[in-house]
Amino acid sequence: MYEKHLMICGATGCLSSGSNAVEEALVEELEKHGIKDKYRLVMGGCPGFCEVGPIIVVYPDEVFYCRLKPKDMSELVEKHLVGGEIVERLLYKGPDVDAPARFYDTIPFYAKQKFNVLRNSGIVDPESIDEYIMRGGYRAFTRALNLDPAAVCEEVKQAGLRGRGGAGFSTGLKWEFTNKAPGDKKYVVCNADEGDPGAFMDRSILEGDPHSILEGMLICGHAVGASEGYIYCRAEYPLAIKRLRIAIEQAEEYGLLGENILGFGYNFKLHIKEGAGAFVCGEETALLASIEGKRGMPRPRPPFPAQSGLFGKPTTINNVETLANVPLILKEGGAAEFVKIGTEGSKGTKVFALAGKIRNTGLCEVPMGITIREIIYDVGGGIKGGRDFKAVQAGGPSGGCIPAEQIDLPIDYDSLNEAGAIMGSGGLVVMDERTCMVDLARYFLSFTQKESCGKCTPCREGTKRMLEILNRISEGQGTPRDLDTLDSLAASIKDSSLCGLGQTCPNPVLSTIRYFKNEYEEHINEHYCRAGVCKELFNYWIDQEKCTGCTACVRACPVDAIEGEKKEPHEIIQELCTRCGSCIEKCPQDCILITRVGSEADVSN
Amino acid sequence: MSAINIKVDGIEIEVEPGTTILQAARQLGIDIPTFCYDPELPSNGACRICVVEVEKARSLVASCVAPVAPGMVIHTESERVVSARKAVLTLMVANHPLDCITCQKTGECKLQDYCYRYGVSDSDFGGEVKELSHDDSNAFFIRDMNKCILCGVCVGKCQDVVGAGAIDFTRRGFVANVGPPYEDRIEDSTCVFCGLCIDSCPVGALTPKYLLGRGRPWEVEKTETICPYCSIGCNINLHVKDNEVIEVTPVDNNPVNRGHLCVKGKFGWDYLKSRDRLTKPLVKSNGVFVEVSWGEALGYIVDQVEEVIARYGSEALMGLCSPKSTNEESYLFQKLIRSLGTNNIDSYTRHCHAPAVDGMMEAFGSAALTNSIEELASTEAVFVIAADPAESHPIIGYRIREAVRKGADLIIADPDLIGLTDLASHYLSLKAGSETELVNAMANVILEESLQDQAFIDKRTEGFAEFEKAVADYAPQSVTEKTGLSEDEIREAARAYASANKAAIISTVGIDHAGGNEKLVLALANLALLTGNLGKESAGLYLPYGENNLQGVSDMGALPAVLTGYQHVKEKAVREKFNRAWGVEIDKKPGVSAADVFENKKKNLIKAMLILDENPVSCLGGDDSDAAALLKNLDFLVVQDIFMTETAALADVVLPAAAFAEQQGTYTNTERRVQLSYPAVEAPGEAYPGWAIIAELAGWFGLEWNYNDPGDIFAEMASLTPQYAGISYERLTEEGGLQWPCPSDNHPGTPYLYEGRFGRGLGLFTIVEGETAPVPGVGLTVKGALSDHVCQCQSLNMSKRSVISNYINANRR
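Those protein sequences? They're chains A and B, same order as listed.
To convert, note that position 231 of the first sequence is 231 in the working numbering; the numbers rise steadily by one, no gaps.
To convert, note that position 714 of the second sequence is 1319 in the working numbering; the numbers rise steadily by one, no gaps.
Rendered as structure tokens:
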């Protein structure tokens, strides 16, 4: 019998911050005290607050420890576990709280969040089917089995669930198409390819609550008449794949997968297919080709997968997050709860990955309709370093930027589309004045060009040419005509590409030109990158009035390009400066400024 | 479903459901540009040049893949469309070497044509241009991937139609390319050099080596003719400039090979201009050949032959003709020999396809492929035994592949992993020699499980009762040891074949030079009769022959016991008909066969031999063989050929003949289709078409023949041959090939036989027991399919090892 459970975050962010070493140190400490058997350690799912990782949550005490290091473990064990006293030093502290916050309910990051999809993440042991069931798991499935398949589709439709992979198509309607398609053999496919750079929403669900996906697929299979399913998971997620395999084995053992499930005469078999490193395989027809053992290249639609999909059979393909929502809707009273959250056109919650110049980076799950302002300042804790909010990129390489003027835009599918962005998988990259919008577009385009499958001319050749132009602009070789060329190329690529990758890859370019044309023009006409990113197009300049002569920058400079004695204002030798930015990081006075090349005065904001 | 109404460029049209926008536009004569569209690869949709504007659609729509919907309004050349097409072209041009001046494709390049149409002369992106090295590794063609626009049609042909799978898309993004895996050279890949990729490439990325620099498309004259290699008889275009063939392309959309070829038809013709071609008649004098005039040569022949006949009688004369000769030549040859008083005429076909002919004659009463090649693509089950169709008859291989893609079962029974095994739903690795046992066991299973077509058996066959009794001894359990197969395997295979609504059997047991096996043919005939798979479309028994005119030469009566159309010399009425037509007295005793003579049963009988286009010395063991000895011992030997072969070297007189591309004539392919072949180039020197040589020779023998052209010969033959009676040069010119039986002028020809009755009335079940003779492996089959002329073919020779081994490797997996 365990005295306490310690949930150690083993997901992406905390792993990179060293949670493995923390866990090892914890085990060592417990063994040193000979008390390891009293405590259950679970390397579990993601609590979302990556900025303050590594994180350990203690139950039933409900204590949230963060920013942990291996050397903190001795105090944690001695003071808390043995001594029964909370270690305040290790609790959450920040400018947004007056006193150290003890648990989720007092940490501002979580205040506006609503855990639907992430309901179990960080609370259950992902490798335990029993814990999933104890938290209400598989009840929605049994309820669904007692309903007519068409009725299940209808409930999902009425609940207003829209595809969380990016397109936002009505999930219930998609299920209905497959349900109505003629044929005895049908398939359900889970798209766990999560290719957007920096996106890890699906990963957290798969690693933290794999059974929720199984349950979602089982319900879907019943609703559409499928007897077999595939989870297409990218190979870069080995832990997710491992957890899924365990989950499937456990479900089979419990008779929740296989033949005649729960005596309802329902057969469902689940396979895992690993991806092989291609962003384009997140596109549904390319994904199907990949499962079929072919090269992952998209196919023209129609026919749509609902009519002719995997191996030519009617197939429903859903995103991980979409499926994770399904048990919530199908459980008793679930649909009514679900529609209470969100906006008219976009019900429920969405998991976002907050990244960029924001104080609180990590995953957050918020109701649809929350404004950008709330996400950035309430959930995100505001812009790091106290700078001004410039824009937020929504939807990754397929999405667009939303400028500061639209900070009160509510986030839902339709409003984002109107603003020229897309919901996408939920990546939100927050930018301040030190983000160059040209460079942002260039970054996303270099990604899509490399990932373009090469099948159709506009995407394969067009992204290359757009990228070449953006490269030239960021090197100061741009011409005024380039903007027209970018516009017309982008329009052609959008209009005639074969698949979603091609059709959306010009979006970052188009939206940054739409809202930040002046930055492009500055790059082209004045050879100036005011954000201080495009290295050929700016200089660093030390404000002689503000500089206190602390020599921090002098010491930081790797090429000895800064001169200056102690207590004397320092100066940068422009001919030697490589614009690496080490000095600006170290300066405690924030007095290193961005200027035009060859200019001293006329500083940037 | 009812027809759909749409509007295209303001014109209203009604089309069938499932029609694509592109197809609808083409019906209206609207030309939407395409690169990647191919009717055999319907769901490509890659190049995006064919995009059109559809009202209310969000973005432009690729017309080649988009099905029409009721009420659709389409604009094929709106501003938005033109802008998108120009963008696609500009992007292609930006990454394409603009060397149209010397590019071989100039004048028939789609990229060039569309750039002209839309006014795209270059791009000003000024960015990177790919610089890949050319793949020059093989004897046949060059791959310049810098010109490739990645339309993917070549990949589709190679993967889906041919199945060689030598190329696919590689890499991603801007560096995406098309090529063999691991960027191997094409020579080292599984490429079988069929040329389908070259024929379908819309730009100049793939160029036949021989063609390079030899002629522009507008300088070339194209003549349609028939490929001289195997018995499929593919329709080909010979591209000629300055009396030289510089390229061969398939004829699109024909009922024999559609637009497909194999390496032999595509590349196997450079022997035509070999310097070793015979150009003058030769007479051997003191062991050395001396050039003489035609008159001298023919006169000499007549003298010598008449002397032999005077001394030994007509039975000492023999004519040996070739399954490669035209119908006209063969007809005249047997007419000549018979006019000289003997029925000693045979072709080399007897030796290899006798089992097939004899077997089918016995079971059905006539001997020819029961169904057409094209029908194979729509069958529901294919049973391949003692055959390797992908290797011996690639076109058949393609059709089987298509049938399987459409859902047909493929049952292969062979000791080796032959080509197509990768597609087989049932592969039976049986022990060589146990084929008949297997087939009998399958019949046993079919009867046991009541899968036979009893109605067909009752109405259309005889001998069933005895057959049923005999086959009862062949329960699958009882043959497991002999065949090396399990009972289940045999049952599954039998079920798969018998449960299909239409199923075909393919075997090439007849092409076996080593002495094929009539037993197996009869056993297979039993299987087809048992399941009612005869007399209907996409079913049947396919025993495709080796050489191109093997069917025709037999039809022409170049056989010892029958005249044209298999009319027997023993029948008085038949002899009388021919005597009247020819003005001679035909001997009523059947002649000796080539097998008889060359297997030494009757070796001392023949003293003089006339050999047409055939090389028994090479086929029967070389210069030291018994065959060579026999020929050397003849009093007089005449050989007509296009090269100085091993057999010609032994002759007393050698006559130079025209090759296939140099004469007009008909050939009958293995599906009984008579096709007219046109000359494209002149024969070298004093070489003449075979029919003219024989006609001239006949004149020297005092026979009064009067033929102005091959059409006259054909007409005479057709008037004497019921199966050919309705075929004429006029009809062949106007309608293309015709399949016999074609008994009258307005008969459309017969795609499949036995719809009403069998040749002998009812189909016959025969009891077949015991082992079959071992069926030879691939090598002999290939040799059977490749004629001697392959050895003279420089390109095929250079790559012969790789051609043959590629076939083997590509089709064995």
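Every residue, glycine too, gets a C-beta built ideally from N, C-alpha and C.
From a predicted model like this one, the values you see are computed outputs, not experimental measurements.
Run through chain A and tell me which residues come within less than 8 Å of R777/B, C-beta to C-beta.
A278, V280, K450, E451, S452, C453, G454
Could you have a look at E713/B and say whether DSSP puts it in helix, strand or coil?
coil
Since V670/B meets chain A, which of its residues come closer than 7 Å, beta carbon to beta carbon?
P300
The region 193–204 of chain A touching the region 370–388 of chain A, judged by at least three CB pairs closer than 8 Å:
no
So who's on the other strand from V152/A, going by DSSP bridges?
Paired residues: none, contrary to the question.
In this structure, how does DSSP classify Q1172/B when only helix, strand and coil are distinguished?
In the structure shown, Q1172/B sits in coil (DSSP, three-state: anything other than H, G, I, E or B).
Simplified DSSP state of K269/A, which is helix, strand or coil:
strand
My guess is that R442/A and L470/A are in contact by the Cβ rule of under 8 Å, so how many angstroms apart are they, rounded?
About 4 Å; that satisfies the 8 Å criterion.
Going by DSSP, what residue range makes up the alpha helix (DSSP H) through S688/B?
Run containing S688/B: 684–699, per the alpha helix (DSSP H) assignment.
Extent of the continuous alpha helix (DSSP H) to which A1048/B belongs
1040–1053
Residues in the region 494–509 of chain A with C-beta within 8 Å of chain B's C-beta atoms, listed in sequence order?
K494, D495, S496, S497, L498, Q503
When you compare the CB of A781/B with every CB in chain A, is at least one pair closer than 7 Å?
yes
Are the CB atoms of P458/A and I493/A within a distance shorter than 7 Å?
yes
Which residues, taken in chain order from the region 791–809 of chain B, show a beta carbon closer than 7 Å to some beta carbon of chain A?
none
Give the DSSP-derived three-state secondary structure of S1223/B in the structure shown.
Correct three-state label for S1223/B: helix.
What residue ranges within the region 310–347 of chain A form continuous alpha helix (DSSP H) runs of no fewer than 4 residues, ordered along the chain?
320–330, 334–340
Got a sec: is the Cβ-Cβ distance from N700/B to anything in chain A below 7 Å?
yes
N1045/B to H1031/B span [Cα, whole Å]
17 Å
Neighbour-count burial assignment, K1194/B, 16 or more Cβ in a 10 Å radius:
exposed
Where T1386/B sits in the DSSP three-state scheme:
In this prediction, T1386/B scores a pLDDT of 40, lower than 50, which makes its location untrustworthy; the coordinate-derived value is nonetheless stated afterwards. The answer is helix: DSSP assigns T1386/B an H, G or I state.
So which residues on chain A does C598/B lean against when the C-beta distance must stay under 8 Å?
Look at the range of chain B in this structure, 606 to 1418, and you will see that residue 598/B is not part of it.
Could you name the residues of chain B that S492/A contacts, counting a contact when the two beta carbons are closer than 8 Å?
Neighbours of S492/A on chain B, chain order: S688, A689, A692, V693.
Could you check whether the Cβ of G564/A sits closer than 7 Å to any Cβ belonging to chain B?
no
What would DSSP say about V1126/B, mapped onto helix, strand or coil?
helix
Once DSSP output is grouped into helix, strand and coil, what is the label at C50/A?
Helix, per DSSP.
What's the gap between the Cα of A335/A and the Cα of V152/A?
11 Å
Any beta carbon from chain C within less than 7 Å of K464/A's own beta carbon?
Given the protein chain composition of this structure (A and B), no chain C is represented.
I'd like to check one pair, I803/B with N743/B: are the Cβ atoms closer than 7 Å?
no
Does any CB atom of chain A fall closer than 7 Å to the CB of V656/B?
yes
If I follow the unbroken beta strand (DSSP E) through H680/B, where does it start and stop?
678–680
If contacts are defined as beta-carbon pairs under 8 Å, then P305/A and T315/A qualify, I think. What distance do you get, rounded to the angstrom?
5 Å
List the residues of chain A that M697/B touches, going by C-beta distances under 9 Å, in chain order.
T457, E461
Would you tell me roughly how many angstroms separate the C-alpha atoms of G348/A and F338/A, rounded to the nearest one?
6 Å
State yes or no: is the beta carbon of G732/B nearer than 7 Å to at least one beta carbon in chain A?
yes
Counting contacts by CB-CB distance shorter than 7 Å, is R295/A in contact with chain B?
yes
Could you tell me whether the Cβ of E468/A comes closer than 7 Å to any Cβ of chain B?
yes
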